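For the first sequence, the working numbering assigns the number 505 to the last residue and increments by one with no breaks.
Before any comments, here is the structure.
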Amino acid sequence: MSETQEPNDSTDIETSDLFAVRKAKLDSLREAGANPYSANFLQSHTSEQAKALLPEEDEEGPEVSVVGRVVIFRLMGKATFLKLLDRDGRIQAYVRRDEIGDESYAEFKKLDLGDFIGVRGKLFRTKTGEITVRALEYTLVSKSLRPLPEKWHGLTDNEQIYRQRYLDLVVNEDSRDRFKARSSIIRLVREFLWDREFLEVETPMLQAVSGGAAARPFRTHFNALDCDFNLRIALELHLKRLLVGGFDRVFEIGRVFRNEGLSRRHNPEFTMLEAYQAYTDFRGMMELTRSLIQHVAKKAIGTLTIERPEGDVIDLSGEWREAKYKDLILEAVGREDWFDLPKAEKLEKTKALGIEVDPDLEDFEVTNDVFEKVIEHTLVQPTFVTHIPRELCPLAKITPDDPSTIDVFELCINGQEIAPAYSEQNDPFVQREAFQRQVGEETHEMDEDFLLALEHGMPPAGGMGLGIDRLVIFLTKAANIRDTILFPTLRSS
RNA sequence: GGGUCGGUAGCUCAAUCGGUAGAGCAGUGGCCUUUUAAGCCAUUGGUUCCGGGUUCAAGUCCCGGCCGGCCUACCA
13 MSETQEPNDS
23 TDIETSDLFA
33 VRKAKLDSLR
43 EAGANPYSAN
53 FLQSHTSEQA
63 KALLPEEDEE
73 GPEVSVVGRV
83 VIFRLMGKAT
93 FLKLLDRDGR
103 IQAYVRRDEI
113 GDESYAEFKK
123 LDLGDFIGVR
133 GKLFRTKTGE
143 ITVRALEYTL
153 VSKSLRPLPE
163 KWHGLTDNEQ
173 IYRQRYLDLV
183 VNEDSRDRFK
193 ARSSIIRLVR
203 EFLWDREFLE
213 VETPMLQAVS
223 GGAAARPFRT
233 HFNALDCDFN
243 LRIALELHLK
253 RLLVGGFDRV
263 FEIGRVFRNE
273 GLSRRHNPEF
283 TMLEAYQAYT
293 DFRGMMELTR
303 SLIQHVAKKA
313 IGTLTIERPE
323 GDVIDLSGEW
333 REAKYKDLIL
343 EAVGREDWFD
353 LPKAEKLEKT
363 KALGIEVDPD
373 LEDFEVTNDV
383 FEKVIEHTLV
393 QPTFVTHIPR
403 ELCPLAKITP
413 DDPSTIDVFE
423 LCINGQEIAP
433 AYSEQNDPFV
443 QREAFQRQVG
453 EETHEMDEDF
463 LLALEHGMPP
473 AGGMGLGIDR
483 LVIFLTKAAN
493 IRDTILFPTL
503 RSS
């Protein structure tokens, strides 16, 4: 294997073995007394900062030191143009033999695409107007032994993009921009909640009992205690314990894990925001959620209107539509008596709507299938879907004037559910009953510890959960949740 | 999990009816002191994902496997 090859005489090297060719260059650098890895470099400006130093009207600017990965290398005899990629983007450098010296230029010519180098020199503008550093000297700071993907087409193989994300980031600007946007979205969410005096906390990922959502958990084993744990599927129950403890505005942004299938919109580990505010209810969370998303969109992408690949435009400005779950259902099925129909007739009707529904489902689940399969994908504009059947969520308060529904909303944007919020259930007896109805289902366990906390008294509160990945999907126009997660889950190779 | 499409040089892609596996970029050797996918000349590079089978002959057809995309299922 080339990795274990001894340094060769350059004439012996198989010139098609790209690794061996570069390894030989590395060895010859070392033999010449240079250190191809540890040399430090004093960066004075990033590419963007440097370019800002040369105003339109000026031909020449100050001296700067820039450093980055060589992504373009155009050698033209006694002069070379190259481009360095740093965290802000690219900057061009121009290196002339008569300016850096014969010896230095001879070494310089041996650089490879992918090497990290620093360049010190004065800024100038080329005849085509590109701001460029005219090198006085260059420094190799790290040698690259592997070739970069093709410079024009970039990297398109999905598997390689996910498994070797670093290559995707080097060559695909879209991808770079999307992950920068993701980072600022998360920062903006934090800032917004900090400003509203929410306390940011961290709660356990390893839990004896998984609660707060209906999902199959991942199981793992803790050797020291010789017991099994689940990875958390939601943040809810621990954050509510903190409400009991008197932290009456708390939030957490963190990874949750659900042992379910992969899809364009599902990754088994994903990032969730949950926020709880005492002395408010789901209506308070409505305002909070809308303001939060508007704030984030405005600052992260600079607009409240987002064009979708489908051609239409999502308008996040102003107040958002509210619609009762039941009204949406009645509208979709086209008859007023839907909720009074026996299940068999409901099933018949769903067939007429062109969806397949499992006949073994409970009555409310048949209705919910209508919501998920017929209605949800049509809710492109932000819509708060309110007053959902109580069976769908055991953790919310029952609507005072309609005991069949709960005081919640599901915020839908871009045809998918983005954020649910509740008036949180704080009556320990009602909560226990709701849990008991679900025990026996595979995905539910009784969390006695949580009920004990509730019995100590939890203030009335609104709670909200927001799928960060899904927010990033529509804000950055990603085609797939995997394009918003740096290292999405793949089968181990 | 099911359906479906795909896997060819480091990367992006060709390869007709089953008949000598090619190109561009990258690499290597030259020329070239303002290039913009730089250009010009020459040139290296292949377990065609893996394993079987059919055939005089397989990248191509058949079977099995691995990995992936899309759709679907599961999914508070």
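C-beta atoms are modelled at their ideal positions from N, C-alpha and C, and glycine is treated no differently.
Being a predicted model, the structure only gives us computed values, none of them experimental.
Beta-carbon proximity check, R81 vs F128, cutoff 8 Å: Here residue 81 is taken as the residue at index 69 of the first sequence, counted from 1. Here residue 128 is taken as the residue at index 116 of the first sequence, counted from 1. Cβ atoms of R81 and F128: closer than 8 Å.
DSSP state of H233 mapped onto helix, strand, coil: Residue 233 sits at position 221 when you count from the first residue of the first sequence. In the structure shown, H233 sits in a strand (DSSP, three-state: E or B).
Beta-carbon gap between A290 and A491 smaller than 8 Å: Mapped onto the first sequence, residue 290 falls at position 278. Mapped onto the first sequence, residue 491 falls at position 479. Not a contact, by the Cβ cut-off of 8 Å.
Beta-carbon proximity of F210 to A287, cut-off 8 Å: The residue given as residue 210 occupies position 198 in the first sequence. The residue given as residue 287 occupies position 275 in the first sequence. Result yes, Cβ atoms of F210 and A287 sit closer than 8 Å.
Cut-off 7 Å between Cβ atoms - residues of its own chain near P161, not counting five sequence neighbours on either side: Locating residue 161 in the first sequence gives position 149, counting from the first residue. Hits under 7 Å: L167, L179, V183.
G296 - DSSP class collapsed to helix/strand/coil: The residue labelled residue 296 in the question sits at position 284 within the first sequence. The answer is helix: DSSP assigns G296 an H, G or I state.
Three-state class that DSSP yields for Y174 in the structure shown: Residue 174 sits at position 162 when you count from the first residue of the first sequence. Helix.
Terminal residues of the beta strand (DSSP E) in which I418 lies: To locate residue 418, count along the first sequence from 1; it is residue 406. I418: member of the beta strand (DSSP E) spanning 414-425, first to last residue.
For A51, the three-state DSSP class (helix, strand or coil): Here residue 51 refers to the residue found at position 39 when the first sequence is read from its first residue. DSSP places A51 in coil when its eight states are reduced to three.
For S154: DSSP bridge partner residues: By 1-based counting over the first sequence, the position of residue 154 is 142. Its beta-bridge partners are F128.
CB contact flag (P229, F269, <8 Å): For the purposes of this step, residue 229 is taken as the residue at position 217 of the first sequence. For the purposes of this step, residue 269 is taken as the residue at position 257 of the first sequence. P229 places its beta carbon less than 8 Å from that of F269.
Delimiting residues of the alpha helix (DSSP H) encompassing R253: Sequence index remark: in the first sequence, residue 253 carries index 241 (1-based). Element bounds for R253: 248-256.
Element boundaries [beta strand (DSSP E), containing L96]: By one-based count along the first sequence, residue 96 stands at place 84. Residues 91-98.
With 16 other Cβ atoms within 10 Å as the buried cut-off, status of D260: As a working note, residue 260 is residue 248 in the first sequence. Counting Cβ neighbours within 10 Å, D260 comes out buried, since at least 16 surround it.
Straight-line Cα distance separating A312 from L200: In the first sequence, the residue the question calls residue 200 occupies position 188. In the first sequence, the residue the question calls residue 312 occupies position 300. One C-alpha to the other measures close to 8 Å.
Length of the line joining the Cα atoms of S329 and G323: Locating residue 329 in the first sequence gives position 317, counting from the first residue. Locating residue 323 in the first sequence gives position 311, counting from the first residue. Their backbone Cα atoms lie some 18 Å apart in a straight line.
Opening and closing residue of the beta strand (DSSP E) in which Q7 lies: Residue 7 is absent from the structure shown; the chain starts at 13 and stops at 505.
Coarse secondary structure for N279, derived from DSSP in three states: Taking the first sequence and counting its residues from 1, one reaches residue 279 at position 267. In this structure, N279 counts as coil in the three-state DSSP scheme.
Straight-line Cα distance separating D461 from N242: What you label residue 242 is simply residue 230 of the first sequence in a count that begins at 1. What you label residue 461 is simply residue 449 of the first sequence in a count that begins at 1. Taken atom to atom, the span from the alpha-carbon of N242 to that of D461 is near 16 Å.
Neighbour-count burial assignment, G223, 16 or more Cβ in a 10 Å radius: Counted from its first residue, the first sequence places residue 223 at position 211. If you draw a 10 Å sphere on the C-beta of G223, you find 16 or more other C-beta atoms in it, and that means buried.
Three-state class that DSSP yields for N184 in the structure shown: One-based indexing of the first sequence puts residue 184 at position 172. The answer is coil: DSSP assigns N184 none of H, G, I, E or B.
Reference G296, options G475, L181, T58, E72, closest by Cα: Within the first sequence, the letter at position 284 stands for residue 296. Ranking G475, L181, T58, E72 by Cα distance to G296 puts G475 first.
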